[in-house]
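J.: Under the working numbering, the letters of the sequence shown match residues 1428 to 1614, in that order.
Please find one structure pasted underneath; my questions will follow.
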Amino acid sequence: AVPHLSLIHISDTLDVSLVNVEPVRCFGEKNGIIKTHTKGGVQPYLYFWSHSAFEDDIFDLAAGFYTLTVTDHNGCKATLANVEVSQPVPLIGVVDTIMPARCFLGENGSIDLKTSGGSPPYFYLWNDPDLPETPQVNHLQNGVYSVIVFDANGCKSVSYTHLDVYKRQTSDRSCAWFYKCACLQIV
């Protein structure tokens, strides 16, 4: 009689590890990435993410926490829990100070922006291409101004402001050069 031999294959322990997490680029977007690596166990592997994805690496993610469960061919499981995809705080560019021009057609108005959040440094694009790409602009006539603030990731925030005057006769001698000078009142 020939002895009966059985071969038993002992596999390495199933293990899943985190390779890389890329955060969301701009607040509220869905472009985060999680990359993982699985080894050991017996292939093929089945992947199940907490948000119902079925691959080892996942893309187009919103900020939040994600958990991966990997099951090998023998039913062994490994879990990578609570992987965080972060995002920057919202980019906000708000008008901090407005100084309308003192006189109609005067060029002494100014706007100061206060910018926060996002990923510094910030870049400013005003609706007038002659204005500097800075958070403060000076020597403005009364009118409508808008600015788009960009951060280092290309995220943007839009602000609008309106410099205006209340038009009336005045005894302000600094405006006397202009007939029926308009004096300052923020509308």
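C-beta atoms are modelled at their ideal positions from N, C-alpha and C, and glycine is treated no differently.
All values reported here derive from a predicted model rather than from experimental measurement.
(1) Closest to Pro1527 by CA distance: which of Leu1445, Asn1569 and Pro1556 is it?
(2) In angstroms, rounded to a whole number, what distance separates the CA positions of Lys1462 and Phe1492?
(3) Below 8 Å on the Cβ atoms is my contact criterion, and I expect Ile1538 with Ile1519 to pass it. Report the Cβ-Cβ distance as a whole number of Å.
(4) Could you give the uninterrupted runs of the beta strand (DSSP E) lying entirely in the segment 1523-1575, keeping only those of 3 residues or more?
(5) Rounded to the nearest angstrom, how far is the Cβ of Asp1499 from that of Pro1547, given a contact under 8 Å?
(6) For Glu1560, tell me which candidate among His1566, Val1571, Ile1575 and Leu1567 has the shortest Cα-Cα distance.
(7) In this structure, how does DSSP classify Val1521 when only helix, strand and coil are distinguished?
(8) One question on the structure: do Gly1536 and Ala1489 come within less than 8 Å of each other, judged by their Cβ atoms?
(9) In angstroms, rounded to a whole number, what distance separates the CA positions of Glu1449 and Phe1486?
(10) Is it buried or exposed for Ala1508, if we count other Cβ within 10 angstroms and need 16 for buried?
(11) With distances taken Cα to Cα, identify the nearest neighbour of Asn1554 among Thr1542, Ser1543, Val1451 and Val1585.
(12) If Gly1544 sits next to Asn1501, beta carbons under 8 Å apart, how far is it from one beta carbon to the other, in whole angstroms?
(13) Let's test the definition: count the other Cβ atoms within 10 Å of the Cβ of Gly1455 and tell me whether it reaches 16, buried, or not, exposed.
(14) Would you identify the three-state DSSP class for Asp1439, choosing helix, strand or coil?
(15) Do Val1564 and Val1512 count as a contact pair if the criterion is CB distance below 8 Å?
(16) Within 10 Å of its beta-carbon, does Gly1581 have 16 or more other beta-carbons around it, so buried, or fewer, so exposed?
T.: Taking the structure as given:
(1) Asn1569
(2) 14 Å
(3) Contact doesn't hold; Cβ gap of about 16 Å is too wide.
(4) 1536-1543, 1550-1553 and 1563-1567
(5) Not quite, the Cβ-Cβ distance comes to about 45 Å (not below 8 Å), so this is no contact.
(6) Ile1575
(7) strand
(8) no
(9) 9 Å
(10) exposed
(11) Val1585
(12) Not really, about 49 Å apart at Cβ, beyond 8 Å.
(13) exposed
(14) coil
(15) no
(16) exposed
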